[in-house]
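Residue numbers (UniProt numbering), protein chains in the order written: chain A, 1 to 310; chain B, 1 to 438.
Below is one structure; the comments refer to it alone.
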């Protein structure tokens with residue numbers, strides 16, 4: 001580190017200015033991001049030791065636990081079960097939601113469509129409804145005794161499936177996510193479709209390409225980067241699903257308190273009062289999300305750079 | 001990057017330190033300010049509506065002790081907040097806590113033992129209620145505020161229509177449920193709900209269960225005992241044979257079932273009129289209340305569902321003043337009258353249960369003018385409840401396991417659920433390191 005000469009005060013000020021500007025953001029990052037993460041890590045390697053009845057002063061003390069919490073988090077069948085449930089749920093949600101988003105984006109982008117801005121708004125609107133409220137609304141529609149669908153099915157003499165239990169529960173839960181998430185992903189894909197150069201399509205048309213072929217052969221490969229992006233967001237959102245199952249839980253016997261990994265973390269921390277185990281589970285979940293996202297990114301990056309040919 | 005000088009780092013550190021120093025000052029000034037001069041200042045975390053008005057009464061009469069009510073959260077959420085505040089030693093002086101949360105709070109060293117400060121208060125409460133504040137030992141961790149004795153609520157008009165009699169024993173209850181199913185297959189007497197553990201705990205208390213007790217340094221979990229098994233088999237049997245419904249309470253579907261008369265009865269507590277008023281507004285005046293059915297003819301016992309207490313925290317600098325306020329709040333006739341009026345609670349103090357404040361039946365039960373007179377009779381018979389340090393874990397396990405059982409609709413599933421409930425509770429105690437008796 002070289003000390004600036006005394007006469008160079010001004011240039012010193014200019015050189016440090018960027019760090020001054022960075023300071024607020026860095027401080028906020030430290031206080032509200034790095035610090036809590038660090039605290040969670042610290043908690044995850046500690047535990048409480050209780051003596052006897054655990055009543056009164058000094059009966060509880062915080063001690064070092066090493067990797068014990070991680071061991072029990074990974075060995076917990078509830079955690080594994082919740083992870084599997086969420087993967088099943090994600091296998092339904094992600095393809096359907098992104099497929100619909102792409103379809104809507106391509107339809108809106110095609111030349112013959114009418115009422116474009118209205119349709120765009122209508123598809124996007126559910127995204128503006130908070131997840132908890134969406135879950136409550138759908139919950140009312142699913143409950144056999146109050147659902148208008150069940151009422152109509154009964155009038156028509158058709159069987160009425162119980163959507164709040166077993167296999168259909170996954171459909172019911174996925175439906176809420178698809179309903180709420182399609183609009184956002186559609187906007188992302190649509191925006192990148194609008195940014196594509198039109199000469200390419202004109203050239204294709206002159207060569208006798210149909211709208212469908214343009215969509216399949218030109219548009220989709222060219223918006224691949226935004227598809228990857230939306231895929232990513234969807235995977236992360238799936239692993240972190242919490243609002244919907246938590247809101248639907250009191251309405252049915254079919255959703256256990258550890259349905260999704262985050263519900264398990266919440267349950268450990270706030271009903272079991274064990275923030276140490278909960279922190280360890282949260283760290284495991286974060287690492288898994290990170291690893292999954294990173295692996296998928298690597299694969300898709302290779303694909304898109306080859307496929308788009310730009 | 002040589003330009004990050006020590007000076008800018010130091011400046012950043014100074015800003016950070018300054019910020020922490022400021023927040024530290026800010027939160028300190030609340031509790032201790034009045035210690036030397038002026039009145040004693042107490043903060044009270046409570047969720048009962050209108051509690052600030054009741055505290056205002058105290059403040060007007062006791063200028064030397066000023067109580068400020070803060071509404072932080074309610075029920076279990078408040079428990080989490082109190083524990084967090086106790087860890088940081090920034091807790092209030094007084095808190096409202098549900099009975100089943102007391103052991104959890106005590107085990108987190110959040111509550112003070114006020115046995116010395118509240119000597120002689122015990123006789124103002126039913127023994128079954130009082131026991132919950134002592135955890136069965138010599139210490140007193142809270143004063144009972146309200147209680148929720150269990151009762152049987154039923155649709156008087158529909159019982160007449162279907163020619164049903166009000167059950168006085170659980171056997172008669174089962175017969176009534178079956179008789180109704182025969183006459184109206186689409187209706188049900190009631191439902192077994194797996195989403196509120198408090199009701200099941202109360203029903204088990206009535207049967208004589210003591211879920212948590214301790215001997216020496218060891219907790220003993222008695223969830224899977226004869227009494228609770230009797231209750232489990234009874235309700236499991238009714239669900240299995242289809243005599244009652246298996247869907248949870250407090251859902252839009254449940255509201256509809258009560259409001260349209262699809263369900264004719266509800267085993268609930270003294271606070272039921274309020275809940276029924278919102279769930280089934282169209283059936284106002286058509287309900288009646290009777291004592292809870294008994295296990296054997298001639299017995300006279302009930303359990304409790306809900307209710308809360310006032311506790312002094314271990315961080316309070318003015319324990320004596322805080323205990324004095326808690327005693328006034330829960331035993332003084334004027335305070336109790338105000339609690340009934342402003343907060344709509346059912347007081348735990350036995351004298352208040354027959355006082356003028358409760359002379360009139362709740363609006364919803366205007367057809368039963370002696371509602372509170374009968375309620376007071378029932379409240380006297382409340383069986384003792386025994387809570388332990390991981391009630392929350394047991395309650396969550398109840399919802400999961402009995403939810404599965406209700407879904408499966410077999411007696412065997414109910415039996416297995418109870419075994420699992422006991423095992424989960426014991427395993428959690430052991431995992432946490434509590435002494436557990438086998």
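Where is the CB? At the ideal position from N, CA and C, for every residue including glycine.
Owing to the predicted nature of the structure, the values given are computational and were not obtained by experimental measurement.
Proximity to residue 287 of chain A across A:248, A:271, A:261 peaks at A:261, based on C-alpha coordinates. In summary, residue 395 of chain B is buried, with 16 or more beta-carbon neighbours lying within 10 Å of its beta-carbon over all protein chains present.
Neighbours of residue 432 of chain B across chain A, judged by C-beta separation under 8 Å: 48, 50, 54, 274. Between the alpha carbons of residue 247 of chain B and residue 432 of chain B lies a distance of about 33 Å. In the displayed model, residue 245 of chain B falls within a strand according to three-state DSSP. When Cβ-Cβ separations below 7 Å define contact, residue 214 of chain B makes contact with chain A. Around residue 207 of chain A, no beta-carbon contact reaches into chain B at under 7 Å, the shortest distance being about 54 Å.
Measuring C-alpha to C-alpha distances from residue 120 of chain A to each of A:263, A:61, A:277, A:189 identifies A:189 as the nearest. Fully contained in the stretch 256-331 of chain B are the following alpha helix (DSSP H) runs of length 4 or more, in chain order: 272-279, 319-331.
Beta-bridge pairing by DSSP links residue 63 of chain A to A:47. Counting of Cβ neighbours within 10 angstroms places residue 203 of chain A among the exposed residues, the total staying below 16. In this structure residue 114 of chain B is buried. Its beta-carbon is surrounded by 16 or more other beta-carbon atoms within 10 angstroms. Under DSSP, residue 66 of chain B takes part in a beta bridge, and its partners are B:41. Listed in chain order, the non-local C-beta contacts of residue 261 of chain B below 8 Å within the same chain comprise 155, 158, 187, 283, local neighbours out to five positions each way being set aside. For residue 139 of chain B, the CB contacts under 6 Å within the same chain, skipping 5 residues up- and downstream, are 113, 115 in chain order. The C-beta distance from residue 69 of chain A to residue 276 of chain A rounds to 6 Å, short enough to fall under 8 Å. For residue 84 of chain A and residue 194 of chain B, the gap between their C-alpha atoms comes out near 25 Å. DSSP links residue 155 of chain B through a beta bridge to B:287. For the stretch 138-167 of chain A, the continuous alpha helix (DSSP H) assignments of 4+ residues that do not extend past its boundaries occur at 148-155, in sequence order.
With the criterion set as a beta carbon lying under 7 Å from some beta carbon of chain A, the stretch 111-137 of chain B has no members that meet it. Close to residue 257 of chain A, with beta-carbon spacing below 8 Å, are these residues of chain B in chain order: 396, 399, 400.
Under the three-state reduction of DSSP, residue 220 of chain B is assigned to strand. Using a Cβ-Cβ cut-off of 7 Å, residue 270 of chain A is close to 80 of chain B, given in chain order. At a C-beta separation below 7 Å, residue 212 of chain A has no neighbours in chain B, since its nearest C-beta there lies roughly 45 Å away. Straight-line measurement puts the Cα of residue 254 of chain A at about 17 Å from the Cα of residue 79 of chain A. Here DSSP, grouped into helix, strand and coil, assigns residue 144 of chain B to strand.
When 9 Å is used as the limit between beta carbons, residue 45 of chain B is near no residue of chain A, the shortest such separation being about 17 Å. When C-alpha distances from residue 384 of chain B are compared across B:213, B:88, B:167, the shortest belongs to B:213. Going by DSSP, residue 94 of chain A is part of the alpha helix (DSSP H) stretching over 77-109. With a threshold of 16 other beta carbon atoms within 10 Å, residue 291 of chain B meets it and is buried. Of the other Cβ atoms in all chains shown, 16 or more fall within 10 Å of the Cβ of residue 285 of chain A; this residue is therefore buried. With respect to chain B, the C-beta atom of residue 145 of chain A has a partner C-beta closer than 7 Å.
For residue 140 of chain A, the chain B residues whose Cβ falls inside 8 Å of its Cβ are 252, in order along the chain.
For the pair residue 109 of chain B and residue 308 of chain B, the CB atoms are not nearer than the 7 Å cut-off. Residue 139 of chain A sits buried, since 16 or more C-beta atoms from the chains shown fall within 10 Å of its C-beta. By the Cβ neighbour-count rule, residue 200 of chain A is exposed, with fewer than 16 other Cβ atoms within 10 Å of its own.
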